[in-house]
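This report refers to the structure that appears directly beneath it.
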Amino acid sequence: MIILSKENVVSYINDNVPSITLEEPVKINVIGEGDLAEDIEGDGYCNYVFRVADAHHSYIVKQSTEHLRRRGRDLTPERNRYEYEIMQLRSKIVPQYVPKLYHGDFDNHIIIMEGVSNMKLVRYQMNENNRLPELARQISQYLAATHFYTSEFYLDSAEYLSLLSYFMNAELRHVMENGIFLGIFGSDEYDPACGPDFEKYCRKIYADPTITFQRYKLRHLFMSKSETLIHGDFHTSNMFADDTHLKVIDMEYTFGAPLSYDLGFIMANIITQFCSASFRPFKVGGERKVCTSYLISLMKMLYEDYIKFFYEYWEKDAKLEYKLADGYKESLALDILRECFGFAACVNLSRVCGTMQTADFDFIEDNNKRTQAKYLAVDIDVLLFHKWYTYNSIDEPLRDIIMLMSKKRVSGMMIDSSFIWGTSNDF
Numbered sequence: 334m335i336i337l338s339k340e341n342v343v344s345y346i347n348d349n350v351p352s353i354t355l356e357e358p359v360k361i362n363v364i365g366e367g368d369l370a371e372d373i374e375g376d377g378y379c380n381y382v383f384r385v386a387d388a389h390h391s392y393i394v395k396q397s398t399e400h401l402r403r404r405g406r407d408l409t410p411e412r413n414r415y416e417y418e419i420m421q422l423r424s425k426i427v428p429q430y431v432p433k434l435y436h437g438d439f440d441n442h443i444i445i446m447e448g449v450s451n452m453k454l455v456r457y458q459m460n461e462n463n464r465l466p467e468l469a470r471q472i473s474q475y476l477a478a479t480h481f482y483t484s485e486f487y488l489d490s491a492e493y494l495s496l497l498s499y500f501m502n503a504e505l506r507h508v509m510e511n512g513i514f515l516g517i518f519g520s521d522e523y524d525p526a527c528g529p530d531f532e533k534y535c536r537k538i539y540a541d542p543t544i545t546f547q548r549y550k551l552r553h554l555f556m557s558k559s560e561t562l563i564h565g566d567f568h569t570s571n572m573f574a575d576d577t578h579l580k581v582i583d584m585e586y587t588f589g590a591p592l593s594y595d596l597g598f599i600m601a602n603i604i605t606q607f608c609s610a611s612f613r614p615f616k617v618g619g620e621r622k623v624c625t626s627y628l629i630s631l632m633k634m635l636y637e638d639y640i641k642f643f644y645e646y647w648e649k650d651a652k653l654e655y656k657l658a659d660g661y662k663e664s665l666a667l668d669i670l671r672e673c674f675g676f677a678a679c680v681n682l683s684r685v686c687g688t689m690q691t692a693d694f695d696f697i698e699d700n701n702k703r704t705q706a707k708y709l710a711v712d713i714d715v716l717l718f719h720k721w722y723t724y725n726s727i728d729e730p731l732r733d734i735i736m737l738m739s740k741k742r743v744s745g746m747m748i749d750s751s752f753i754w755g756t757s758n759d760f
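Quick note: to get my numbering, add 333 to the position in the sequence shown (first position is 1).
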């Protein structure tokens, strides 16, 4: 088996991919080496990822490893094939959101795709308080389209079951089922930088019988409700964007799960951004209010645009028996609303409490403020655990989050409701 390195990756491309012609000088970067930076492309967590670029083009070369590079847990590199094939499938559904594929070498667990470094990671743009005008619509369209067209609402039942069986992806399912719902994702340790009181608080949350019940209930839902092929790891470090374009990467966690899960995963990411923006420094007065208001409105738009696109695909392409079932799609919309905030609580809690680097908090240099931002994130999770199954409109969880902020009296915080509900008064 070939093991790629900075020394041999160019010769591998020249020998195996005739569609790519590299012109000297060629620049090679290994993703995941050194400190995180705004131009990171790929995870570097489960894989070796290289960016190979000449003066005209950029390519990503990704080789799956047999273990998690930072934790040592064994994983089959066969997930590389699944990622390549789901990218092929999704590129037929939403080609505008999927990087172009050039090569799949399944003997050596290598895929080569278009580089998208002409855009920047969404997470780091959010950290810098950039607001992307098309982001909510693009994310929602990507999710709604890839969900609907890999669901049984559209596919022949036998075809859908075959697709579910093929993308069983048992090992990576296991990573999510345990890491997100049972413990702290990526580690069994609490963030030591936040001090012993934070650990004590988090342990208390994890031991709370009501929250434990909700975590297990949501885990069972995640494990048993296979409605579509999800992305599975849908956060802002797995998407590149500029003002007009979006590309989604790292699709190896694809398997059958609820429609609501990916939406919940990205909601969790926006919640951590919201908590970070509540404490990180801003250069311009009033910018904190604008940023936090934007993030709340982004959650509202994500859900509403997702449902709008899903309904559009439903009316156009759903099976006739579903179209004739009065109230069915509306019932789905309500399930998606409630479940996505339950999943958001699970995802956020599992990622905020532990030692895994959560880059949303990177711009908070003051450790006390960073700790307070994490406390706020956990408090929002607790709120959602208690209420996710009661929500009837997207405004309800957002108002709950804002009310929690008000009660905590976070310094300098006001939400501009004109971003959210189209009014001119602050909430």
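Just so you know, even glycine gets a beta-carbon here, dropped at the ideal spot from N, CA and C.
The beta strand (DSSP E) runs lying completely inside the region 490–568 and spanning 3 residues or more are 561–563, given in chain order. For the set 349, 449, 534 and 709, the Cα lying nearest the Cα of residue 440 is the one of 349. In the DSSP assignment, residue 397 falls within the beta strand (DSSP E) that extends over 391–397. Rounded to whole angstroms, residue 534 and residue 351 show a C-alpha spacing of 57 Å.
Counted as a single uninterrupted DSSP element, the beta strand (DSSP E) harbouring residue 443 occupies residues 443–447. Rounded to the nearest whole angstrom, the CA to CA distance from residue 425 to residue 702 is 45 Å. In the three-state reduction of the DSSP assignment, residue 482 falls in the coil class, being assigned neither a helical nor a strand state. Remark: C-beta atoms of residue 570 and residue 454 approach each other more closely than 8 Å. With fewer than 16 other Cβ atoms inside 10 Å of its own Cβ, residue 498 counts as exposed.
In the structure shown, residue 388 falls within a coil segment according to DSSP collapsed to helix, strand and coil.
Of all alpha-carbon atoms in 412, 445, 567 and 485, the one lying nearest the alpha-carbon of residue 646 is that of 485. In the structure shown, the three-state DSSP call for residue 436 is strand. For residue 589, the pairing in a beta bridge is given by DSSP as 562. Collapsing the DSSP output to three states places residue 380 in a strand. Close CB contacts of residue 479 within its chain, under the 7 Å cut and outside five residues either way in sequence, are with 423, 426 and 427 (chain order).
Annotated three-state conformation of residue 347 is helix, per DSSP.
DSSP lists 453 and 579 as the bridge partner or partners of residue 574. By the Cβ neighbour-count rule, residue 591 is buried, with 16 or more other Cβ atoms within 10 Å of its own.
For the pair residue 594 and residue 676, the Cα-to-Cα distance works out to about 6 Å. A contact is defined here as three or more CB-CB pairs under 8 Å, and the region 682–692 meets this definition with respect to the region 510–524.
Judged by DSSP in its simplified three-state form, residue 641 adopts helix.
Where residue 364 is concerned, the enclosing beta strand (DSSP E) starts and stops at 360–364. The C-beta separation of residue 504 from residue 409 comes to about 6 Å, placing the pair in contact by the 8 Å criterion.
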